[in-house]
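Visitor:
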Amino acid sequence: MSVRLDEIDKRILYHLAREARGTSAPDIAEEVNVSPGTIRNRIDRLEAEGVIEGHHARINYERAERRLTNLFICTVDVPDRERVAKQVADVSGVIGVRELMTGRGNLHVTAVGEDMADLSRVARDLASLGVDIEEENLIQQEYRGPYDAFGPEEVSEGHSITEFMHLSGGAEVVELAVAPSAPIAGVTLQEANQRAVIDPETLIISIERGEQMLTPKGDTELRADDVVTLFSRTGIDDETIAAFDDA
Numbered sequence: 536m537s538v539r540l541d542e543i544d545k546r547i548l549y550h551l552a553r554e555a556r557g558t559s560a561p562d563i564a565e566e567v568n569v570s571p572g573t574i575r576n577r578i579d580r581l582e583a584e585g586v587i588e589g590h591h592a593r594i595n596y597e598r599a600e601r602r603l604t605n606l607f608i609c610t611v612d613v614p615d616r617e618r619v620a621k622q623v624a625d626v627s628g629v630i631g632v633r634e635l636m637t638g639r640g641n642l643h644v645t646a647v648g649e650d651m652a653d654l655s656r657v658a659r660d661l662a663s664l665g666v667d668i669e670e671e672n673l674i675q676q677e678y679r680g681p682y683d684a685f686g687p688e689e690v691s692e693g694h695s696i697t698e699f700m701h702l703s704g705g706a707e708v709v710e711l712a713v714a715p716s717a718p719i720a721g722v723t724l725q726e727a728n729q730r731a732v733i734d735p736e737t738l739i740i741s742i743e744r745g746e747q748m749l750t751p752k753g754d755t756e757l758r759a760d761d762v763v764t765l766f767s768r769t770g771i772d773d774e775t776i777a778a779f780d781d782a
């Protein structure tokens, strides 16, 4: 069941996603003209309702004794996906598991290892759980940002990127929010390919719409506020990213 958010809730989520540690309740309260106590109560409620799932540190594992961070793009049988995902999360070295609704590549696993041998051990552990590893890459850089639609009006038409991973070999995974007047809004994936709105080498691997995770198909129409995950072995070009921004 989804939770209805008002403008105060959205502004809280925007600032916590942008910089949780450096944002105080009085800072947010001043911006939305309520008391700091109201902001703290709202945060408590959002946590209780499962909207805020935690306040996590973002760790640069390469700086921490030069550890390696790897992304495994995996496939598991859909009926077993949730069960296997929980088992994968318990594998030593795994720091993140994401379930997707797509048939292939429906499980993304992020793992940290001391060296390549350690990451190979993680791969073997995944395989022992019945996980089919489609592709794997070392993560070179990863960026995250707040969802602009929840932010102040002066930034709500900004960049559509909510998450970015630069992988070894030039591959990239990008998560984009569809802006209301974006060229891609109201366009089916088939039309986007025909009009060359998206680079033909770029694969859309998931579409999040509210509580739904959609399987991308040719007749799937992208809508404003959809959160779309793209993958490219050669990198996501600026024209593709611009297609998700306000025109």
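Residue numbers (the numbering used here): 536 to 782.
Glycine included, each C-beta is placed from N, C-alpha and C at the ideal position.
#1: So E707 and N605 are supposed to be a Cβ contact under 8 Å. How far apart are they, rounded?
#2: When the Cα atoms are used, what is the spatial distance from V626 to V644?
#3: To which residues does DSSP link R633 through a beta bridge?
#4: Quick check: the Cα distance between E582 and I668, rounded to an integer number of angstroms?
#5: According to DSSP, which residues form a beta bridge with V762?
#6: By Cβ distance below 6 Å, which residues in the same chain neighbour V611 in space, the five residues on each side in sequence not counted?
#7: So is S786 buried or exposed if we call it buried at 16+ other beta carbons inside 10 Å?
#8: Could you pull the start and end residues of the beta strand (DSSP E) that I608 belongs to?
#9: Kindly say whether E670, judged by its beta-carbon, lies nearer than 8 Å to any beta-carbon of chain C.
#10: From the DSSP output, read off the bridge partner residues of T627.
#11: Looking only at its own chain, which residues have a Cβ that is under 8 Å from the Cβ of I547, when we skip the five neighbours before and after it?
#12: What is the residue span of the alpha helix (DSSP H) that L581 lies within?
#13: Who are the Cβ neighbours of T558 in its own chain at under 7 Å, not counting the five residues just before and after it?
#14: Please go through the same chain and pick out, in chain order, the residues whose beta-carbon is closer than 7 Å to the beta-carbon of S691, but skip the five residues on each side of it.
#15: On the three-state DSSP scale, how would you describe L757?
#16: Rounded to whole angstroms, what's the CA-CA distance from F699 to D761? Just pull it up for me.
#17: For K752, collect the residues of the same chain with a Cβ closer than 8 Å to its Cβ; drop the 5 residues on either side in sequence, then sort them by chain order.
#18: For E597, which residues from the same chain have a beta carbon less than 8 Å from its beta carbon, with the 5 sequence-adjacent residues on both sides left out?
#19: Is the beta carbon of G638 less than 8 Å from the beta carbon of I740?
#20: Spatial neighbours of E736 within its chain, please: C-beta separation below 8 Å, excluding the five flanking residues on both sides.
#21: Could you spell out where the alpha helix (DSSP H) holding L724 opens and where it closes?
#22: What is the DSSP secondary structure of D734, reduced to helix, strand or coil?
#23: Between the C-alpha atoms of R601 and R593, what's the straight-line distance to the nearest angstrom?
Guide: This is what the structure holds:
#1: The Cβ separation is near 15 Å, so there is no contact.
#2: 10 Å
#3: H643
#4: 34 Å
#5: A712 and E743
#6: V619, L642 and V666
#7: Nothing can be reported for residue 786: it is not among the residues displayed for the chain, which extend from 536 to 782.
#8: L603 to T610
#9: Judged by its chain identifiers, the structure shown contains no chain C, having just a single protein chain.
#10: Checking the sequence shown, residue 627 turns out to be Ser, not Thr. None; S627 has no bridge partner.
#11: I563, I574, R577, I578 and L581
#12: P571 to A583
#13: H550 and L551
#14: Reliability of the predicted coordinates at S691 is poor, the pLDDT of 47 falling under 50, and no value is obtained from them.
#15: coil
#16: 16 Å
#17: L724
#18: L603 and T604
#19: no
#20: S767, R768 and T769
#21: L724 to Q729
#22: coil
#23: 16 Å
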